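Numbering (full-length UniProt numbering), first residue to last: 1 to 497.
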């Protein structure tokens with residue numbers, strides 16, 4: 001019995017290359033419109049990737065139209081790597097990012113929506129390359145696998161295994177019985193949010209180019225900006241930052257809830273335990289941070305621009321912006337939160353482990369996992385007093401089965417283990433304690449900015465070459481939620497069934 005359907009795997013890689021090539025050609029169009037001097041290079045790259053995709057699909061067109069679970073895991077991980085490797089070509093062919101390692105890091109950071117960058121002067125890049133950076137965030141935000149699942153009916157292929165591998169979280173909510181219709185509805189909402197964000201930012205004072213780029217990277221919670229100062233460039237335009245906050249928040253919310261809201265089922269949104277915890281956590285931490293900024297005059301120097309932080313509105317705006325940005329793992333920066341007193345530094349470090357909601361574009365552990373672990377921990381006190389009683393964990397009015405609880409606990413243990421190993425490796429490579437620990441947490445959680453030498457004012461270019469490859473691996477591991485990648489390193493995955 002064959003372990004893998006290799007032809008369908010290669011066919012799928014070709015399909016992904018075809019999609020990637022199309023988006024590169026779109027970047028070439030922007031390059032031509034803005035006459036930035038790299039239109040030929042981007043066009044050549046796009047054609048090359050397109051032809052490679054067509055070739056792979058043509059060679060493997062006679063394949064068995066069946067995807068098993070093992071095939072699904074391979075397709076997701078290999079597909080992500082194929083997109084990352086092909087996505088680094090625009091950087092190399094245009095000369096925007098010299099060096100294979102740097103180009104790979106930037107591409108991985110883009111597709112995993114981490115938002116960490118090795119660039120020191122972003123504004124010097126051609127418009128076509130800047131747009132391509134933003135597109136990588138947008139593709140990775142919802143997951144290009146979901147896009148492929150949406151068009152699989154045209155190929156006569158079932159995609160349930162892929163959707164399960166792409167979204168292995170505990171949430172089992174579906175918008176429609178057919179998985180392909182689910183993916184389509186998710187993309188409609190995602191695309192609609194992107195258009196709305198772009199429109200509102202443009203009306204608020206952003207140029208169209210900046211607006212479309214930040215529309216792509218806000219909804220995807222990716223964090224790539226067209227400015228060296230990130231969103232601090234618009235510190236004198238609070239409306240732009242408020243719009244960005246709204247769409248970062250929506251991007252970090254379960255998209256199923258957005259669907260319910262559009263259908264007028266607002267009670268489903270309000271009653272959702274994860275959403276309430278997510279919303280209240282952001283509000284509580286923002287209020288605390290805002291009060292500290294308001295009453296600490298020395299915190300004024302932590303902004304990118306020399307502005308007065310003692311004012312109530314600006315204090316709470318920057319606090320709220322940074323809390324939403326870190327919790328949703330977006331990575332946008334309006335100020336250097338790493339210098340907002342030691343207490344707030346620790347708070348923001350802790351927020352790197354929260355993550356957004358399940359079914360969102362955010363990375364991290366996810367709020368629902370924390371919530372279920374807390375619920376289960378509290379019930380352990382009752383179980384200690386009543387050892388013979390059956391006391392199940394309940395979530396949104398439903399009983400959560402024990403295997404799901406075990407899966408969440410196992411996920412969290414492995415997550416923390418990988419965080420510790422990640423910190424040790426960065427420490428061995430020469431980073432100080434604060435930088436190593438926060439760098440590992442940021443990469444694994446797809447957060448973006450960290451602390452120490454990797455603070456919001458800095459670039460990840462300070463990492464040694466091996467450190468960049470290690471952080472790129474942690475980004476991929478975190479984005480695909482550990483199991484999808486780590487299962488490939490187990491011997492029984494490769495054994496014949």
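Backbone N, C-alpha and C define an ideal beta-carbon position, used for all residues, glycine too.
Fair warning: this is a prediction, and the values are worked out from it, not measured in the lab.
> Is residue 496 helix, strand or coil when you go by DSSP?
Replying inline: Numbered from its first residue, the chain shown carries residue 496 at position 496. Here residue 496 sits in coil by DSSP.
> Residue range of the alpha helix (DSSP H) that residue 285 falls in?
Replying inline: Walking along the chain shown from the start, residue 285 turns up at place 285. Its alpha helix (DSSP H) spans residues 273-295.
>> Tell me which residues share the same chain as residue 277 and place their Cβ nearer than 7 Å to its Cβ, disregarding the 5 neighbours each side in the sequence.
In response: For this step, residue 277 is matched to residue 277 along the chain shown. Counting only Cβ-Cβ distances below 7 Å, and skipping sequence neighbours, we find 367 and 371.
>> Can you give me the C-alpha to C-alpha distance between residue 261 and residue 269, rounded to a whole angstrom?
In response: Position 261 of the chain shown holds residue 261. Position 269 of the chain shown holds residue 269. Taking the straight line from one Cα to the other gives about 7 Å.
> Whose C-beta lies closer than 6 Å to the C-beta of residue 394 among residues of the same chain, with five residues either side of it excluded?
Replying inline: Counting from 1 along the chain shown, the entry for residue 394 is found at position 394. Hits under 6 Å: none found.
>> Going by DSSP in three states, residue 513 sits in which element: helix, strand or coil?
In response: Lying before the first or after the last residue shown, residue 513 is absent from the chain, which here runs from 1 to 497.
> Relative to the C-alpha of residue 246, which residue among 398, 266 and 198 is closest?
Replying inline: Along the chain shown, read from residue 1 onward, the residue named residue 246 stands at position 246. If we check each option's Cα against that of residue 246, 198 comes out closest.
> Could you give the residue range of the alpha helix (DSSP H) that holds residue 45?
Replying inline: In the chain shown, the residue the question calls residue 45 occupies position 45. 39-59 is the span of the alpha helix (DSSP H), which, as asked, contains residue 45.
> Which value, in whole angstroms, describes the spacing of the CA atoms of residue 213 and residue 331?
Replying inline: As a first step, residue 213 is located in the chain shown; it is residue number 213 there, counting from the start. As a first step, residue 331 is located in the chain shown; it is residue number 331 there, counting from the start. Rounded to the nearest angstrom, the two C-alpha atoms are 15 Å apart.
> For residue 399, which beta-bridge partners are listed by DSSP?
Replying inline: Here residue 399 refers to the residue found at position 399 when the chain shown is read from its first residue. Note: residue 399 sits in a beta bridge opposite 394.
> Nearest to residue 130 by CA position, among 72, 217, 69 and 360, is which residue?
Replying inline: Here residue 130 corresponds to residue number 130 of the chain shown, with the count starting at 1. Selected option, being the one with the closest Cα: 217.
> How is residue 183 classed by DSSP in three states: helix, strand or coil?
Replying inline: The count along the chain shown starts at 1 and reaches residue 183 at position 183. Of the three classes helix, strand and coil, the one that applies to residue 183 here is helix, per DSSP.
>> Let me make sure I understand the geometry here. Which of 36, 444, 319 and 462 has the alpha-carbon closest to that of residue 292?
In response: In the chain shown, residue 292 corresponds to position 292, counting from 1. Of 36, 444, 319 and 462, the residue nearest in Cα terms is 319.
> Taking just the CA atoms, how far does residue 406 sit from residue 375?
Replying inline: Position 375 of the chain shown holds residue 375. Position 406 of the chain shown holds residue 406. Each residue's Cα considered, the two are about 13 Å apart.
> How would you call residue 120, buried or exposed, if buried means at least 16 neighbouring beta carbons within 10 angstroms?
Replying inline: In the chain shown, residue 120 corresponds to position 120, counting from 1. Classification of residue 120: exposed, given that the 10 Å Cβ count is below 16.
>> Check for me: the alpha helix (DSSP H) holding residue 318 runs from which residue to which?
In response: Residue mapping note: residue 318 aligns to position 318 of the chain shown, counting from 1. Segment 312-327, the alpha helix (DSSP H) holding residue 318.
>> Quick check on DSSP: helix, strand or coil for residue 335?
In response: Here the question's residue 335 lines up with position 335 in the chain shown. Here residue 335 sits in strand by DSSP.
>> So, with DSSP's three-state summary, where would you put residue 386?
In response: For the purposes of this step, residue 386 is taken as residue 386 along the chain shown, with counting starting at 1. Coil, per DSSP.
>> Suppose you measure from the CA of residue 236 to the CA of residue 385; what does that come to, to the nearest Å?
In response: Position 236 of the chain shown holds residue 236. Position 385 of the chain shown holds residue 385. Between residue 236 and residue 385, the C-alpha separation is close to 57 Å.
> If residue 57 and residue 14 are in contact, beta carbons under 8 Å, what's the gap, nearest whole angstrom?
Replying inline: If you number the chain shown from 1, residue 57 lands on position 57. If you number the chain shown from 1, residue 14 lands on position 14. 4 Å between Cβ atoms; contact.
>> To test your reading of the DSSP string, which unbroken alpha helix (DSSP H) runs of 4 or more residues are found completely within the stretch 427-484?
In response: 433-444 and 465-479
> Skipping 5 residues on each side, what residues in its chain have a beta carbon closer than 6 Å to that of residue 286?
Replying inline: By one-based count along the chain shown, residue 286 stands at place 286. Only 319, 320 and 323 meet the Cβ criterion.
> If you scan the stretch 89-140 from start to end, which runs of the alpha helix (DSSP H) of 4 or more residues do you find wholly inside it?
Replying inline: 89-94 and 100-111
>> For residue 290, tell me which candidate among 453, 316, 347 and 383 has the shortest Cα-Cα distance.
In response: The residue given as residue 290 occupies position 290 in the chain shown. Per the Cα distances, 316.
>> Considering only the alpha carbon of each residue, which of 59, 24 and 19 lies closest to residue 6?
In response: As a working note, residue 6 is residue 6 in the chain shown. Ranking 59, 24 and 19 by Cα distance to residue 6 puts 59 first.
>> Here's a check: name, in chain order, each residue in its chain whose Cβ is nearer than 6 Å to the Cβ of residue 301, leaving out the five neighbours to either side.
In response: As a working note, residue 301 is residue 301 in the chain shown. Any reading at residue 301 must be qualified, since the residue scores a pLDDT of 46, below 50, and its modelled position is unreliable; no value is offered.
>> Could you check whether the stretch 79-93 touches the stretch 407-419, counting it as contact only if at least three pairs of C-beta atoms, one from each stretch, sit closer than 8 Å?
In response: no
>> Could you check whether the stretch 346-356 touches the stretch 457-470, counting it as contact only if at least three pairs of C-beta atoms, one from each stretch, sit closer than 8 Å?
In response: no
> Hey, out of 382, 211, 43 and 358, whose CA is closest to residue 254's CA?
Replying inline: Numbered from its first residue, the chain shown carries residue 254 at position 254. The candidate whose alpha carbon is nearest that of residue 254 is 358.
> Taking the C-alpha atoms as reference points, what is the distance between residue 542 and residue 142?
Replying inline: In the structure displayed, the chain extends from 1 to 497; residue 542 sits before or after that span and is not available.
> Taking DSSP as the reference, what is the three-state secondary structure of residue 241?
Replying inline: As a first step, residue 241 must be located in the chain shown, where it is residue number 241. Here residue 241 sits in helix by DSSP.
>> I'd like the ranges of any alpha helix (DSSP H) spanning at least 4 consecutive residues and lying wholly in the stretch 191-232.
In response: 208-219
>> With the cut-off set at 7 Å, would you say residue 442 and residue 352 are in Cβ contact?
In response: Against the chain shown, residue 442 aligns to sequence position 442. Against the chain shown, residue 352 aligns to sequence position 352. Closer than 7 Å, so yes.
>> Using 8 Å as the cut-off, can you tell me whether the stretch 394-403 makes contact with the stretch 432-440, which would need three or more C-beta pairs spanning the two stretches below that distance?
In response: no
>> To the nearest angstrom, how far is the alpha carbon of residue 259 from that of residue 483?
In response: Here the question's residue 259 lines up with position 259 in the chain shown. Here the question's residue 483 lines up with position 483 in the chain shown. Cα to Cα, the separation comes out at about 28 Å.
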